[in-house]
Amino acid sequence: MKRDHSPVLPGDGATDYARYMRTDTLLDLQRRPEEMIHRDELLFQVVHQSTELWLKLAAAELTEAVARVHAGEPAAAEPLLARAALGVRLVTDQLEMFRYLSPADFEAMQPALGKGSGAESPGWRQVQAASRQLGRAFTDHLAAHGIALATLRATDPTNPVHLLAEAMVEWDERVSLWRARHYQVALRIGGHAATGAEATMLAKLVGHRFFPELWQARVKSVQG
Ligand code: HEM
């Protein structure tokens with residue numbers, strides 16, 4: 605028997621898939637061929653736009669993790685952080701697409717980009733703000749439960765606070781790995797700002813940590 609594909613959901617779109625996923629709107633968000641000054645704009649927009657979507661998810665998971673820690677539920681926060689970290693791993697992989705964007709083609713599309721920079725990415729801003737909130741929530745949780753950071757590494761590895769600290773270190777590392785890859789992309793493709801002060805700034809950011817005290821406590825014994 606033939607399956608009936610006529611939509612049952614409200615809204616625009618020929619199918620329920622189109623209506624729920626809003627594919628008409630989504631696929632209209634890239635410049636049309638007649639608007640483009642260079643055909644690689646599609647590659648450039650797809651990588652950036654899909655990055656924004658994954659970062660939207662990562663920020664939502666981090667924000668929920670913060671709420672769980674505030675509620676005294678570190679065990680519930682840890683898997684949310686794992687999702688966020690996987691999201692950043694996926695956007696790191698997406699940077700690989702820029703292997704196929706040459707410096708000359710990137711330069712040719714510059715007029716279309718205006719003064720735009722990934723540094724203005726709303727996804728990265730949200731993720732950074734949520735990471736800082738998580739750091740504060742974790743510190744508050746330790747204080748409220750009388751847990752000294754230096755003793756964490758020696759606690760049972762299945763202890764929820766220990767597991768959350770590990771997930772936070774993982775998150776920090778994933779962000780740093782994105783930055784290391786992004787730094788190489790910037791050097792390789794160039795653009796207006798890939799030399800001098802900007803390059804130095806990008807290289808420095810690779811070493812940035814949201815939770816430096818967790819990295820220290822992880823490797824330093826209580827006596828050390
Ligand atoms: C052709 C690919 C890319 C090139 C050549 C490039 C280049 C650069 C350069 C030169 C900077 C530092 C100067 C400035 O602020 O503009 C920068 C910063 C930045 N870019 Fe990109 N970028 C690329 C792709 C991306 C993508 C896909 C994202 C994801 C949204 C992104 C996000 C950022 C962020 C967040 C910063 C601020 C520094 C940081 O937090 O690490 N960039 N980029």
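Numbering-wise (the numbering used here), the sequence shown opens with residue 605 and increments by one.
Note that beta-carbon positions come from the ideal geometry of N, C-alpha and C, so glycine has one too.
Just so you know, these numbers come straight off a predicted model, no measurement behind them.
{"Asked": "Three-state secondary structure (DSSP) of V789", "Found": "helix"}
{"Asked": "Closer than 7 Å: W819 CB and nearest ligand 1 heavy atom", "Found": "no"}
{"Asked": "R729 versus S610, I641, V779, K808, residue with shortest Cα-Cα distance", "Found": "V779"}
{"Asked": "Assigned exposure category for R672 - 16 Cβ within 10 Å defines buried", "Found": "buried"}
{"Asked": "Contained alpha helix (DSSP H) runs [length at least 4] in the region 675-727, N- to C-terminal order", "Found": "678-698, 707-717"}
{"Asked": "Buried or exposed by the 16-neighbour rule on C-beta atoms within 10 Å, applied to E638", "Found": "exposed"}
{"Asked": "Contact test: F814 Cβ vs ligand 1 heavy atom, cutoff 7 Å", "Found": "no"}
{"Asked": "Continuous alpha helix (DSSP H) stretch holding P816: start and end", "Found": "816-823"}
{"Asked": "heavy atom of ligand 1 below 7 Å from I751 C-beta", "Found": "no"}
{"Asked": "Run of the alpha helix (DSSP H) containing T762, from where it starts to where it stops", "Found": "Note, T762: premise wrong, no alpha helix (DSSP H); not H, not E."}
{"Asked": "Under 8 Å between C-beta atoms of W775 and A688", "Found": "yes"}
{"Asked": "At least three beta-carbon pairs within less than 8 Å, the region 757-776 to the region 688-707", "Found": "yes"}
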